[in-house]
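Let me begin by presenting the structure, written as structure tokens, before commenting on it.
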Amino acid sequence: MFRPAAATAGAVCQSRRMSESQVRITDVIVDCRDPERLAAFWSAVLGSRVKVRIGPYVFLDGGAGPGMGFQRSDTPGTGKNRVHLDLRAVDPRAEQRRIEELGGRRLPEYAEGGFLVMADPEGNVFCILPEQAFDVDDAGRADYLGGA
Numbered sequence: 008m009f010r011p012a013a014a015t016a017g018a019v020c021q022s023r024r025m026s027e028s029q030v031r032i033t034d035v036i037v038d039c040r041d042p043e044r045l046a047a048f049w050s051a052v053l054g055s056r057v058k059v060r061i062g063p064y065v066f067l068d069g070g071a072g073p074g075m076g077f078q079r080s081d082t083p084g085t086g087k088n089r090v091h092l093d094l095r096a097v098d099p100r101a102e103q104r105r106i107e108e109l110g111g112r113r114l115p116e117y118a119e120g121g122f123l124v125m126a127d128p129e130g131n132v133f134c135i136l137p138e139q140a141f142d143v144d145d146a147g148r149a150d151y152l153g154g155a
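Take 8 as the starting number for the sequence shown in the numbering used here and just add one per residue.
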């Protein structure tokens, strides 16, 4: 079973024994052409609000966790990012439909892997995972979408 929260918790406990870090993630920053547009999209997806606008940046409130920031860039990358967001949802398919209505899109080239991989309006990749644990085989394929 794939249980990222449990795996992460163990790693956090082990790393704290090694050294007490005083750093934490405060924001995940996305380079983009239109920070206002992406902030509005992600605000609707996450049910978050815009916390502050500073120069070329727009930041969303992360509540108790990290926030998201959108930084204007004339040359943002698109496609498969080296870092991407994993979103948890009770009903991933319902969230897919809702996010598509907001301007996101599913990336069919990743369907064979069994993960629900989507892109925001500027092509930044993210996954929608179920709340419950799910299996991942030795090749890294998931099963939570029921073969679709």
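Don't be surprised by glycine CBs; every beta carbon is placed ideally from N, CA and C. As the structure is a prediction and not an experimental result, all values here were calculated from the model.
Identity of the residue in the options nearest residue i by Cα
i: Pro42; options: Ile106, Phe77 and Glu102; result: Phe77
i: Pro99; options: Ala71, Glu116 and Gln139; result: Gln139
i: Arg95; options: Leu53, Gly153 and Leu45; result: Leu53
i: Val90; options: Glu107, Asp150, Ile36 and Arg31; result: Ile36
i: Val132; options: Asp145, Asp142, Pro115 and Gly147; result: Pro115
i: Pro128; options: Leu109, Pro137 and Cys134; result: Leu109
Alpha helix (DSSP H) segment containing residue i, residue limits
i: Leu53; result: Pro42 to Leu53
Helix, strand or coil at residue i according to DSSP, with G and I counted as helix
i: Arg112; result: strand
i: Gln78; result: strand
i: Ile32; result: coil
i: Gln139; result: coil
i: Tyr151; result: coil
i: Arg175; result: Shown here, the chain extends from 8 to 155; a query on residue 175 therefore has no answer.
i: Ala146; result: coil
For residue i, the first and last residue of its enclosing beta strand (DSSP E)
i: Leu92; result: Leu92 to Ala96
Beta bridge counterpart(s) of residue i as assigned by DSSP
i: Ala1; result: Past the boundaries of the shown model lies residue 1; the chain is included only from 8 to 155, so the question cannot be answered.
i: Arg60; result: Val65
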